[in-house]
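Report on the following structure.
Chains as they are written, first to last, in our numbering: chain A, 79 to 506; chain B, 79 to 506.
Right, dumping it as structure tokens:
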């Protein structure tokens, strides 16, 4: 254990944090709230464990009196109870958009909502998890930050670091979309393009974090991952609050590492346990790209084990071939009676356009995946046409412009004259 | 007067709207609240006139009890008092970001804030004005919408129309940034690329709106412009509310048509008159690109008349060579003791990067203009280093990626191995 880790053991967290331990999701072994993410006993992933009484005591009024961002849920999060401790762009409370035209287009008869996380500061849901990770990192004594990323996480880490003046080192596959590279580079981090897949990048950063050169660096999705991952719970909390403190019957969530899906499910469960929402049956559906669908394959084949794949396809932000939370996704989907589907690149492009044309929301390829999967699951009868549904758009179309730019463009080209407008048919 | 206009005269607006007339800003002639924007007497621009008693009766509590978007200010707006009447993506309440690192970088000793309107649904301040325009248009009996745009307005009009299922016809200069073209095209409007400048496009749409083919079409920045323009007031209201209901000492606002700057000033004045904020001296500063700086030129030369120019340069969203509100900008800046400055393309690029590196906000070229002008005015002593300042970022960097993409990028490129990382110097 390095000296920084030793100091963390005694650092503790504010008395008002409900977090008590890190607990192995495989074997249940417990650890103090330090910067570790894998169990020393069984190598299983660690998760934040809370004081059940503290969570149960949280009330709607307490949340509603908080700020208009994720920190209103601080009583349900491991860190950030004290505003001065937060390292955050203050994301969250993104729009929950009623999508009647989309519902009609795909044959849903009940209310359909799009939770639009492209409204976050760097235009993806990653701002939520990075805010948690960096706030935890500050409390644990770190003063620089790193990550392995398929793009959105890199954007968010670089932007957060710029706001507070930390050094950021961001590792990305070198074949990412140009807009995602630019939207990290503009913040001037150390931006390391790695000639390999995301899974290669992730393995590399796992090794780098053990090097002395990175001793004071928090790797947001590795050594502080347990805190980081809890940020995704806020998407679940917000959906419930924005529906008027109730759970929807069905949710459709994209799967990359799988963490987002499992945390939305966890958030719903916590709200029920705290008595903040009424218990109800809900079903969780997962969305993958056929270019990278290991969890879909395991689901379809009835397996419990997720076999890694080599990703291809345009939905790069979902291209994690060895998803850390794959087995937990299978658990949540099967337990709630949901399903997982996967769609190809043409369906993804059509999903982006369908979402845009019916809601005014320009989602990234991951959003196209999720909308296309929603459409497919409705057509197949897996999603109940008569039950309220929430679908997640987790990122911004401008970041994956290349996916659709060859498909859409000006419908008319004219000279600046009435005559030219008439010749183009614009005057009827 | 067409039959639609005749009907509008009798349509009226809800009893709870404080708007009473359209009034000529030149000669004071009054008109009913219909779809006209130029005075029949003198061709001057029309502006919404309010019932002074109704505005004066508005309270902080009334606003604070409203929704977390521009409609919380409905008691101060001409339309949208009834939620069911709104045609809106519900923009607004965008972050007011404390920018200590930017302040330090440019030598400001007092609090500096960035009002970040890239957080709006289509990532520019135009969502505010389009929401007002389309809400007015619906009340006036229109069911389709058009605009002339330098890009952001087109994006917002197309997205709003997509959400409600209206036909949109969007006219843009054909040489716009590819991302701005895409971010309209994806919503599937009639997207008309015009081989000419914005001013050419604007003249063309002025003529088109008189054609029978467009009789039931609202042109957001032409025949419903008086309502449209009022949407920009919400930026001023929000700044005051987010500062804890007080006015800042200095604001720096980009100038395209000039409407935004004059409406922020108008909003501050209304809040003082209503007793919602205390009266105080404040100074309004304007920012232009040297590629299109007619208002700056008039200011620098002490002229009252703004001579049109042919725009050049990368700040395309500000490239309006014949700014409709130019003279009113000069009035507001001179009356408050402010100033106007202009910056070249290199300064604009540096402004984008400075904003990003110190705040985590990736602004578009217009944001780069405003930051660069802020820096210049501080260096020249025109802006008081010891007085609180608010600067407006009105759009999103991803939409003008080409401005900086040749300047930034990966700092390292490696193989996925420790050895390669070491050779690249990442391990110290």
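The beta-carbon is built from N, C-alpha and C at its ideal position, and this holds for glycine as well.
Bear in mind the structure is a predicted one, so any value in this text is a computation, not a measurement.
Beta-carbon to beta-carbon, residue 210(A) and residue 308(A) are separated by about 6 Å, close enough to satisfy the 8 Å threshold.
Per DSSP, reduced to three states, the secondary structure at residue 289(A) is coil, with no helix or strand assignment.
Taking 9 Å as the threshold, the shortest C-beta distance from residue 115(A) to chain B does not fall below it.
Around the beta carbon of residue 249(B), 16 or more other beta carbons sit within 10 angstroms, so the residue counts as buried.
Annotation: Cβ neighbours of residue 265(A) in chain B (cutoff 7 Å, chain order): 434, 435, 438. Take residue 105(A), set aside five residues on each side of it, and the residues of its chain with a beta-carbon closer than 7 Å to its own are 117, 119, 120, 122, in chain order.
At a cut-off of 9 Å between beta carbons, residue 313(A) makes no contact with chain B.
Residue 483(A) and residue 234(B) have their C-alpha atoms some 18 Å from each other. Annotation for residue 94(B): 159 place their beta carbon closer than 7 Å to its own, counting only its chain and skipping 5 residues before and after. In the structure shown, residue 314(A) falls within a helical segment according to DSSP collapsed to helix, strand and coil.
Ranked by how close their Cα comes to the Cα of residue 166(B), the residues 187(B), 241(B), 144(B) have 241(B) in first place. In terms of beta-carbon proximity, residue 285(A) lines the interface with chain B, with at least one pair separated by less than 9 Å. Spanning the alpha carbons of residue 342(A) and residue 305(A) requires a straight line of approximately 15 Å.
In summary, residue 146(B) is exposed, with fewer than 16 beta-carbon neighbours lying within 10 Å of its beta-carbon over all protein chains present. When the beta-carbon positions are compared, residue 365(A) and residue 430(A) stay at least 9 Å from each other.
The three-state secondary structure of residue 153(B), taken from DSSP, is helix.
Between the stretch 123–135 of chain A and the stretch 315–334 of chain A, the count of C-beta pairs closer than 8 Å stays below three; the two stretches do not touch. Within chain A, the C-beta atoms nearer than 8 Å to that of residue 477(B) come from 476, in chain order. Any Cβ of chain B closer than 9 Å to the Cβ of residue 194(A) would place that residue at the interface, and such an atom is present.
Taking a contact as a CB-CB distance under 8 Å, the pair residue 247(B) and residue 267(B) counts as one, their CB atoms being some 7 Å apart. For residue 472(B), there are no C-beta contacts with chain A under 9 Å, since the nearest C-beta of that chain is about 16 Å from it. By the C-beta density criterion, residue 277(B) is buried, having at least 16 other C-beta atoms within 10 angstroms. In the same chain as residue 386(B), and ignoring 5 residues on each side of it, the C-beta atoms closer than 8 Å to its own belong to 277, 372, 399, 400, in chain order. Non-local C-beta neighbours of residue 478(A) in its own chain, meaning closer than 6 Å and more than five positions away in sequence, comprise 255, 442, 443, ordered along the chain. For residue 471(B), the three-state secondary structure derived from DSSP is strand. In the three-state reduction of the DSSP assignment, residue 245(B) falls in the strand class, which pools E and B. Under the 10 Å beta carbon count, residue 258(A) is surrounded by 16 or more other beta carbons and is classified as buried. Interface with chain B (9 Å Cβ-Cβ cutoff): residue 271(A) is included. Cβ neighbours of residue 214(A) within its own chain (closer than 6 Å, five residues either side excluded): 157, 302, 305. Excluding five sequence positions before and after residue 465(A), the CB atoms of its chain that fall closer than 7 Å to its own CB belong to 188, 327, 328, given in chain order. In the DSSP assignment, residue 363(A) forms a beta bridge with 330(A). Within a 10 Å sphere around the beta-carbon of residue 245(A) sit fewer than 16 other beta-carbons, which makes this residue exposed. Around the Cβ of residue 383(B), a 10 Å sphere holds fewer than 16 other Cβ atoms; the residue is exposed. The DSSP-derived three-state label of residue 142(A) is helix.
Against chain B, a Cβ distance below 7 Å from residue 252(A) picks out 491. Within chain B, the residues whose beta carbon sits less than 8 Å from that of residue 278(A) are 494, listed in sequence order.
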